[in-house]
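Residue numbers (the numbering used here), protein chains in the order written: chain A, 1 to 180; chain B, 1001 to 1240. Idealized CB from N, CA, C, for every residue including glycine. These numbers come from a predicted model, not from an experiment. Here the structure is laid out as structure tokens; the discussion comes afterwards.
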């Protein structure tokens, strides 16, 4: 599971450069080791991101090594890049409230069409728990990074399950409100 | 409370290969039906989470399965033998030798050391002190609380006390471990560790675990879940 969204890949690569200049290949490797897990970055993503950062003045070319293949550029972060990383780290992420989720829509539609919304919720609970079991097994066999990543997913799934439980307990009331 | 949940594939009694099974259990406290036709089964070595909202009857189901509480009607069978037909002494011996228990609170004897607590079921089964404490000690080590063996329950943290309780429950080599909200009083980190150690040990010894919990992260350590709602148990998809 890749834990870094596309939006923050550039900031993450910039942050990795703060400890010293690196080639694109080294950056990819450092990223994959810490954040990529089973979904590593493509080389193309790294080089297109570095081109954009270069254009925006957030990194500079520190040196070029000529080799048998294409030239290997070594990138260094600029002062503007350091400021950009600091700003990103200090800025809280926008919480995602998942209002009007698909699950809510399904429950209401089930009630409107006379289907068993309780069955729907039970089926969803089983599916959530199935995934939670997988993550728990993975966590038990993993290192600390794996544990933290799995815990993040587990806590989110747990929040969904609490909602499922609460909704199941309120189905009669919800039915009386949504049915004409 | 009234029953409204439809019967699931396990709602009705013992199937082939079940170690412990219940069929059509009814139990009423005053005018409240705690169990209203609940069924359950578990196989040897299986870990089954019993989930459900507060007051749904999950703890009553555990108590009936363990022979602690007699249902008003319905049957509980262990290895094919009906619990209610056993003489009291036989049922007590079963609870001591074949069943282990872990609860949320207050299960350790405050006057005894952690080691003496862990050795208690073995001593009650007639084992000599030295042998009982030697076995209990290895379980304390296994549960990573060997360092508090000489301390009393009041002198150790909640997480340590709960690990001692798990060691005590497993020391006698039970076939079924009943755990009722075993991490309910612990923080996330301690709760996770207790569940990890408990399930690892149970899988290694082949003990079946009936795990009552309202926490999905705890239930995720099980092989499958049964949901109790309005006194009826329902196995979820992906069961046996």
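Going by Cα to Cα distance, which pick from 101(A), 132(A) and 15(A) is closest to residue 151(A)?
Locating residue 151(A) in the first chain gives position 151, counting from the first residue. The residue with the shortest Cα to Cα distance from residue 151(A) is 132(A).
Answer yes or no: does any C-beta atom of chain B fall closer than 9 Å to that of residue 140(A)?
The sequence position of residue 140(A) within the first chain is 140, counting from 1. Residue 140(A) counts as touching chain B.
As an exercise, report each continuous beta strand (DSSP E) stretch of at least 3 residues that is fully enclosed by the region 22–81 of chain A, in chain order.
Taking only runs of at least 3 residues, the beta strand (DSSP E) segments lying wholly in the region 22–81 of chain A are 59–65 and 72–77.
Cα-Cα separation, residue 1053(B) to residue 158(A)
As a position in the second chain, residue 1053(B) is number 53, starting the count at 1. As a position in the first chain, residue 158(A) is number 158, starting the count at 1. Straight across, the Cα-Cα distance linking residue 1053(B) with residue 158(A) is about 14 Å.
Would you list, in sequence order, the uninterrupted beta strand (DSSP E) runs of no fewer than 3 residues that lie entirely inside the region 1078–1112 of chain B?
If only complete runs of 3 or more residues are kept, the region 1078–1112 of chain B shows the beta strand (DSSP E) at 1099–1102, in order along the chain.
Quick check on this structure: which residue in 89(A), 126(A) and 180(A) has the alpha carbon closest to the alpha carbon of residue 8(A)?
Position 8 of the first chain, counted from the start, is the residue given in the question as residue 8(A). For residue 8(A), the closest alpha carbon among the candidates 89(A), 126(A) and 180(A) is that of 89(A).
Using a Cβ cut-off of 7 Å, which residues of the region 1181–1199 of chain B contact any Cβ in chain A, in chain order?
Contacts with chain A (Cβ-Cβ distance below 7 Å) from the region 1181–1199 of chain B involve 1196, listed in chain order.
List the residues that DSSP assigns as beta-bridge partners of residue 1029(B).
Within the second chain, numbered from 1, the residue matching residue 1029(B) stands at position 29. Residue 1029(B) is bridged to 1032(B).
Among 1168(B), 1142(B), 1020(B) and 1115(B), which residue has its Cα nearest to the Cα of residue 1130(B)?
Within the second chain, numbered from 1, the residue matching residue 1130(B) stands at position 130. The residue among 1168(B), 1142(B), 1020(B) and 1115(B) with its C-alpha nearest the C-alpha of residue 1130(B) is 1115(B).
Quick check on residue 35(A) - is its C-beta less than 9 Å from some C-beta in chain B?
The residue given as residue 35(A) occupies position 35 in the first chain. With respect to chain B, the C-beta atom of residue 35(A) has no partner C-beta closer than 9 Å.
What residues from chain B crowd round residue 169(A), counting only those whose CB sits closer than 7 Å?
Position 169 of the first chain, counted from the start, is the residue given in the question as residue 169(A). 1053, listed in chain order.
With which residues is residue 155(A) paired in a DSSP beta bridge?
Residue numbering aside, residue 155(A) sits at position 155 when the first chain is read from its first letter. Note: residue 155(A) sits in no beta bridge, so no partner.
Within its chain, find whatever has a CB closer than 8 Å to the CB of residue 1172(B); leave out the 5 residues flanking it on each side and keep chain order.
Within the second chain, the letter at position 172 stands for residue 1172(B). Contacts found: 1096, 1097, 1100, 1121, 1122 and 1125.
Skipping 5 residues on each side, what residues in its chain have a beta carbon closer than 8 Å to that of residue 1102(B)?
Here residue 1102(B) refers to the residue found at position 102 of the second chain. Listed in chain order, the non-local C-beta contacts of residue 1102(B) below 8 Å within the same chain comprise 1162, 1165, 1166, 1169, 1177, 1178, 1179, 1180, 1182 and 1198, local neighbours out to five positions each way being set aside.
8 Å CB neighbourhood of residue 1211(B) in its chain, flanking five on each side removed
Looking up residue 1211(B) in the second chain gives position 211. Counting only Cβ-Cβ distances below 8 Å, and skipping sequence neighbours, we find 1047, 1048, 1049, 1050, 1179, 1182, 1218, 1219, 1221 and 1222.
Pairwise C-alpha distance: residue 169(A) and residue 1039(B):
Taking the first residue of the second chain as 1, we reach residue 1039(B) at position 39. Taking the first residue of the first chain as 1, we reach residue 169(A) at position 169. Straight-line spacing of the CA atoms in residue 1039(B) and residue 169(A) works out to 22 Å.
Are the CB atoms of residue 1056(B) and residue 1229(B) nearer to each other than 9 Å?
Here residue 1056(B) refers to the residue found at position 56 when the second chain is read from its first residue. Here residue 1229(B) refers to the residue found at position 229 when the second chain is read from its first residue. Closer than 9 Å, so yes.
Given residue 15(A), which residues of its chain have a CB within under 6 Å of its CB, disregarding the five upstream and five downstream residues?
On the first chain, residue 15(A) is found 15 positions in, with the first residue counted as 1. Correct list, in chain order: 85.
Against chain B, with Cβ distances strictly below 9 Å, would residue 113(A) count as a contact?
One-based indexing of the first chain puts residue 113(A) at position 113. So, not an interface residue.
Using a Cβ-Cβ cut-off of less than 9 Å, give me the residues of the region 1215–1238 of chain B that come near chain A, in sequence order.
For the region 1215–1238 of chain B, residues whose beta-carbon sits nearer than 9 Å to a beta-carbon of chain A comprise 1215, 1216, 1217, 1219, 1220, 1221, 1222, 1223, 1224, 1225, 1227, 1229, 1234, 1236, 1237 and 1238.
So, under 8 Å CB-CB, residue 1043(B) and residue 1023(B) are touching, yes? Tell me the CB distance rounded to an integer number of Å.
For the purposes of this step, residue 1043(B) is taken as the residue at position 43 of the second chain. For the purposes of this step, residue 1023(B) is taken as the residue at position 23 of the second chain. Going by Cβ atoms, the distance from residue 1043(B) to residue 1023(B) rounds to 16 Å, so no, they are not a contact pair.
Output needed for residue 1139(B): all residues of its chain with C-beta closer than 7 Å, excluding positions within five of it in sequence on either side, in chain order.
By one-based count along the second chain, residue 1139(B) stands at place 139. Excluding sequence neighbours, residue 1139(B) sits near 1118, 1167, 1170 and 1171.
Pairing CB atoms from the region 1190–1205 of chain B with CB atoms from the region 1061–1081 of chain B, are three or more of them under 8 Å?
The region 1190–1205 of chain B is not in contact with the region 1061–1081 of chain B.
Are the C-beta of residue 175(A) and some C-beta of chain B separated by less than 9 Å?
One-based indexing of the first chain puts residue 175(A) at position 175. No, residue 175(A) lies away from the interface with chain B (no Cβ there is under 9 Å from its Cβ).
Collapsed DSSP secondary structure at residue 1052(B) in the structure displayed
Along the second chain, read from residue 1 onward, the residue named residue 1052(B) stands at position 52. DSSP, reduced to helix, strand and coil, places residue 1052(B) outside both helices and strands of the structure shown, so it counts as coil.
Using the three-state DSSP reduction, which class does residue 1013(B) fall into: helix, strand or coil?
Here the question's residue 1013(B) lines up with position 13 in the second chain. Caution applies to residue 1013(B), whose pLDDT of 45 falls short of 50 and renders its modelled position unreliable; the model cannot decide the point.
Just reading off the alpha helix (DSSP H) that residue 1171(B) is part of, what are its end residues?
As a first step, residue 1171(B) must be located in the second chain, where it is residue number 171. Residues 1158–1171.
Whether residue 1020(B) touches residue 1041(B) by CB criterion (9 Å)
What you label residue 1020(B) is simply residue 20 of the second chain in a count that begins at 1. What you label residue 1041(B) is simply residue 41 of the second chain in a count that begins at 1. At the C-beta level, residue 1020(B) and residue 1041(B) come within 9 Å of one another.
Using three-state DSSP, classify residue 1220(B) as helix, strand or coil.
Taking the first residue of the second chain as position 1, residue 1220(B) is located at position 220. Residue 1220(B): coil per DSSP, three-state reduction.
Taking 9 Å as the CB-CB limit, is residue 122(A) close to chain B?
Translated into the one-based positions of the first chain, residue 122(A) becomes position 122. It does: the Cβ of residue 122(A) has a partner Cβ on chain B nearer than 9 Å.
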